[in-house]
Each structure stands twice: as structure tokens, then as C-alpha cells.
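Going line by line, the protein sequences match chains P and L. Going by the numbering used here, the first residue of the first sequence is number 159, and it counts up by one from there. Going by the numbering used here, the first residue of the second sequence is number 159, and it counts up by one from there.
There are 2 protein chains.
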Amino acid sequence: MPDHPKPVHTPPTHQPIHPLEWANVPYFSGLPDCTLKRIAAAAHRHCYQAGAVIFNEDDDCAGLHMIADGLVRIYRVNAEGRLHTLSLLRSPSTFNEVAAVDGGPNPFNAVAVTNAEVLVIRHVTLLNLMAAEPDLLNNTVQTLARLNREYIERLEDMTFRTIPSRLAKLFLHETTYADQIAETPSQLTQEEIAAILGTTREVVGRALRSLMNAGLLRRKGRHVYIVDRVGLEYLAETNMMPEPLVER
Amino acid sequence: MPDHPKPVHTPPTHQPIHPLEWANVPYFSGLPDCTLKRIAAAAHRHCYQAGAVIFNEDDDCAGLHMIADGLVRIYRVNAEGRLHTLSLLRSPSTFNEVAAVDGGPNPFNAVAVTNAEVLVIRHVTLLNLMAAEPDLLNNTVQTLARLNREYIERLEDMTFRTIPSRLAKLFLHETTYADQIAETPSQLTQEEIAAILGTTREVVGRALRSLMNAGLLRRKGRHVYIVDRVGLEYLAETNMMPEPLVER
DNA sequence: TTCCGAATCCAACAAAAGTAGCAGACGCCG
DNA sequence: CGGCGTCTGCTACTTTTGTTGGATTCGGAA
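Put into C-alpha cells, the structure is as follows:
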């Protein structure tokens, strides 16, 4: 449960990402090996137990974070204590680029969902690295632009889409959320899905039921499979339940 | 009205911004004069009649836009044709930084609300400028980071705040929206407010009524004044209508 | 002035989302 | 094996938001 994820005893996989493998992360893609090594050398290593807080929103800039191992939840909380999960990130990924770049307070909270190993580069260190490595500076610009696009799309989801529609979209591109959910069985609880969609567990339950009634999903025991991908796409785009498959 | 703003006959003020005055725009703040001049020299000038489309979302990258004169609406549209106004920008301002930087499709639509004069720098030109002017590159990074923060906050508004609460927030920091709304009379129609808040005109009407009933706002003829700023802040933060003033 | 259209007001209704409570299924741990 | 806690399923109810349609006010154009 998102609120304060209880320690899940996930065995640490302990295959820490080799510096050169960071090239798979968008932020570092295309960087020459020497730059990657310099970045790795500038980073501090932190280990978190499952459920541990990595940093809180509005706290002083925590710097650039790179997940070497584990799963991390990025989220915001409102006055009434409701959560909104912005993303679930697996290694290798980066987060908190915005604060790392402008030195301002962290724009969201981060907790380790599983045991996690994280590399951290402080704000000033990153500025120095960027000054010394033009390629890194360039990647920073592109990364920030991509993040902007993601937030704009997210904004559109919240403004225009109904909850069944958002749920359909979540099933469709599960990749965004650490492919814990897919045509392969969902590993996310309804509560977690609710936090991702910005709603409550009960509403997610209803939406799941309605998607199953409409023949878009099917339950197999505890798991849910995609039956009608095209129908899900239709729902995600139009907010309208598609007609049953036989009629299309 | 946002849908297709009809030509409002605003007399062109025609005091085109002098290159050196661009320093007031966050994107260009702190840049040396020579850089500003080089930027100005690289820009193409476009004039739009009130209501004219500047560019559409998903169209090929339209480049960096700088408003020299006039008012511009940035918005998105969903499948059912509903609008969401992301911002109303006056000169001097910049927009479409994201596409200008990554060369991807425009992430939103832009139309001229009044007659407008806009300077445009194409994607490749901007890349060249950034390569040649380290200060500009640095400002680009900071601007993209700031935009990210704005979108994150916007996302929180849509996820967590009720419509009366969003309306209260709009009245409070009118600056974001071209201070057309303020303790000074609002110039925005309910329809325009609805597009900003991501809802419909009628709902805005109700919310306005309830804020007036609660003694937070007061109508003077066609205009609306802020009566209880503290109450508005309370509503904006907690989603709850404050008790009438006398009880506080 | 009169006419017309835009903006608003208002009431009734419909749909979506949030809330509350409880029972049952399942897996984990003692 | 039994107990406990989490996750889920389900029903009923409330609140918020969206939709519709008609009346009214206002300001500008003819």
C-alpha cells in the first residue's frame, strides 16, 4: 500500500548496474564511455530498505538519483492524505532531474518499494559535470523536454479522461509503470492502481468490473488478462465503452 | 470564447518589444546584450489577426515562439471537442520551448486572442544558437526545469482540487493568466474560466455563486472582487469552504 | 431608440466519482 | 492447522460534476 509501503522482503538481486550499462537510460543514452565513468565516479551510493523514504517533496534538493537496483515510487500527497503515484521506476532509471538541475526543492516524494540501491549526484556536482561534458548538457535538455511532454500528457489524462478510460490506458502501456501490469497478470493491487489513476480503490474496483463486463478484460483467478486490446484503445481514446466484440 | 476565438477588434498597441527588453522574459533573463541581439536577428517575424491559429498540436515542430505584442492562448482539445487552456500569455513571453528544443511535434495548440506579433526561431536555428551561446543553453535548461515544475503543480490541481478550490486558486494568483482576473474586475468570461479550470461554463457559474454565498467574492455589476483573500487561500489549500468571516 | 447576440442566471436532471461498511478469499506466519 | 491481516467483492448512499433548456440582463450595432 502506497501510504507507507511496508517492508516487503525482496531478496536483493545484487547485480549492481555497471557504469557502462547506464547507456540504456534515456538520460545517458549516447554518452561516450569516458563520460559515463566520470558520472559514475561523481555519484554517491545509497541503499534503502523496502519501504524506506528516499526523499520528500519540498525538502532541499536531493540531487539526481539513478536507480541501480530495485523499484522506486514517485508520488505526491494532498492535504487529505490521498496519494498520487506519478511513476513506478525500475533500475536502470533516473529521477528528480528537475531539482537536480535547478537546485530547487524536490517536486515530489520518493520511496523504495523493494530494497533498492541508488546512486546520487548532488546539484552542484551535476552542474560541474554538465559544464565539463557538453554531451551530458545536451542530454539534460532533451531529458527535461521529454519529461515536459510526459507531464502534459498526464495532465490531459486527468483533465479529459474518465477513470475506466485511464484504467484502459494503464493496461495498454503497462511499460510506463514498471510492467507490473500487463496481458500477463497484474501484480498491482487495486489500491496501487487507484493511486496511479488518481482515485480510490473502490472506484478502481468498479472500473475493473465494468471493463470485464464489457469483455475487454477477463479474470483468471487473481489475475487479469487483456481480451480485447482494440476495445481498450477505443475506450482510452474516446471515454466510451466499445460495443461488445461480436458487433464489431 | 475559446473554441474558435472570434476576431476581437483590439487596436494593435504596436510598441514592438525592443530586442534588449527580452531580458524581462525568464527564458532570456541575464543574457548579455550581444546574445539577445543575435537571438533577435535569428528570428522570423509573424503577425496574426485576433483569432488566428498560430500552430496546432501534433503538427511539425513550429519552433520557439516569442510574443512581441498581443495575447496568446495555449490549449489542448479532447476527442469530444472540450478545451483545456494551459495558459494565456501576454508579451513579452515565450512558448513552445519543448518542441523547439527536441524538434518533436507541438505539444499543444496556440491561437492569437488579440492581434499579435510573434517572433519565431526554428528548431535547428535554436540548436545552433545554443551551441554558440553557452548562456542561452544554460537558460534553456533552467526554463525547461521551471516548466516541469509548473506542469507538476498543474497536475496536482487537476488530481486533488475541487472546482471551487481551483477557482479560488485562479483568483488568488491571477498573474499566471494574464492578470485578466483579479481583485480588479475579471475580464474573463465564465466560458474562458471553465476552459482554464478544465470544466464547463455552468459549473463555473455555480462555483462563483457558492464563493459569493460564502462571502469570499462579491459582485459589483459585471465584475467580481475578492472580499476575503484568506478564505480563498483556505479553500484553495483544503478544498473546504471556510466558515463565514464573522466566525473567524 | 430598438434589435440582436453574447453572457449570464437558474432550476432540474443525469452521470461520474467518492464514501462507508461488511463479508469472503487468499496467503502468510506462527 | 488456525488465526490474522491484506486484498477483494459488493451494495447502498452522498457529493460533485456534467448536461440541458429556458429566462434574463447587458452592451453594441443598426
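Positions of the beta carbon are idealized from the N, C-alpha and C atoms, including for glycine. Keep in mind it's a predicted model, so treat the numbers as computed, not measured.
| Check | Outcome |
| --- | --- |
| Given a limit of 8 Å on CB to CB distance, which residues of the segment 296 to 309 of chain P reach chain L? | THR298, VAL299, GLN300, LEU302, ALA303, ARG304, LEU305, ASN306, ARG307, TYR309 |
| If you measure from the beta carbon of THR317/P to each beta carbon in chain L, is any gap under 8 Å? | yes |
| Based on Cα-Cα distance, which residue from ARG319/P, LEU393/P, GLN300/P, GLU314/P lies nearest to LEU189/P? | GLN300/P |
| Exposed or buried, HIS202/L, counting other C-beta atoms within 10 Å across all chains shown (16 or more means buried)? | exposed |
| Pull up the distance between the alpha-carbon of LEU330/L and that of LEU374/L, whole angstroms please. | 11 Å |
| Does any C-beta atom of chain L lie closer than 8 Å to the C-beta of ASP227/P? | no |
| Just the chain P side, please: which residues come within less than 8 Å of PHE266/L by C-beta, in chain order? | ILE310 |
| Taking the alpha-carbon of ALA394/L as reference, which of THR357/L, ASN371/L, SER323/L has the nearest alpha-carbon? | SER323/L |
| If you check the beta carbons only, do MET316/P and THR317/L fall under 8 Å apart? | yes |
| Starting from the beta carbon of GLU291/L, find every residue of chain P whose beta carbon is closer than 7 Å, and list them in chain order. | The contacting residues do not exist; GLU291/L stays about 13 Å from chain P at best. |
| So, at 6 Å on beta carbons, what are the nonlocal neighbours of ARG359/P in its own chain, with the 5 sequence-adjacent residues on each side left out? | GLN348, GLU349, ALA352 |
| Excluding the 5 residues preceding and the 5 following PRO250/P in the sequence, name in chain order all residues of the same chain whose CB lies nearer than 8 Å to its CB. | ILE175, GLU179, TRP180, ASN182, VAL183, MET224, ILE225, ALA226 |
| What does HIS223/L touch in chain P if you count any residue whose Cβ is under 7 Å from its own? | Chain P residues near HIS223/L: none, gap ~15 Å exceeds 7 Å. |
| Thinking just about the alpha-carbon of each residue, which of GLU215/P, ASP217/P, LEU246/P is nearest to the one in VAL230/P? | LEU246/P |
| Quick check: the segment 372 to 387 of chain L against the segment 206 to 221 of chain P, are there 3 or more CB pairs under 8 Å? | no |
| Please compile the residues from chain P whose C-beta is within a distance smaller than 7 Å of the C-beta of GLY356/L. | THR317 |
| What is the residue span of the alpha helix (DSSP H) that MET224/L lies within? | Taken as a continuous stretch (DSSP letters only), MET224/L belongs to no alpha helix (DSSP H), being part of the beta strand (DSSP E) at 222 to 227. |
| What residues from chain P crowd round ARG280/L, counting only those whose CB sits closer than 8 Å? | Going along chain P, no residue has its Cβ under 8 Å from ARG280/L, so there is no contact; the nearest lies around 16 Å. |
| Taking the alpha carbon of CYS205/P as the point to measure from, which residue in GLY228/P, LEU194/P, ASP216/P has its own alpha carbon closest? | GLY228/P |
| With a cut-off of 8 Å, does the C-beta of ARG240/L fall near any C-beta of chain P? | yes |
| Counting only the same chain and skipping the five closest in sequence on each side, list residues whose C-beta sits under 8 Å from that of TYR392/P. | MET398, PRO400 |
| Closer than 6 Å by C-beta to GLY389/L: which residues in its own chain qualify, once you throw out the five before and the five after it? Chain order, please. | LEU374, PRO400 |
| The segment 378 to 401 of chain P: which residues have C-beta closer than 8 Å to a C-beta of chain L, in chain order? | GLU395, THR396, ASN397 |
| Count the other CB atoms within 10 Å of the CB of VAL282/L; is the residue buried (16 or more) or exposed (fewer)? | exposed |
| If I'm right that ILE321/L touches THR357/L with Cβ under 8 Å, what's the distance once you round it to whole angstroms? | 5 Å |
| When DSSP builds the beta bridges, which residues end up paired with THR252/P? | MET224/P |
| In the DSSP assignment, what are the bridge partners of LYS378/P? | HIS381/P |
| Apply the 10 Å Cβ neighbour rule to ARG234/L and answer buried if 16 or more other Cβ atoms are within range, or exposed otherwise. | buried |
| Looking only at DSSP bridge pairs, what is ALA274/P linked to? | TYR206/P |
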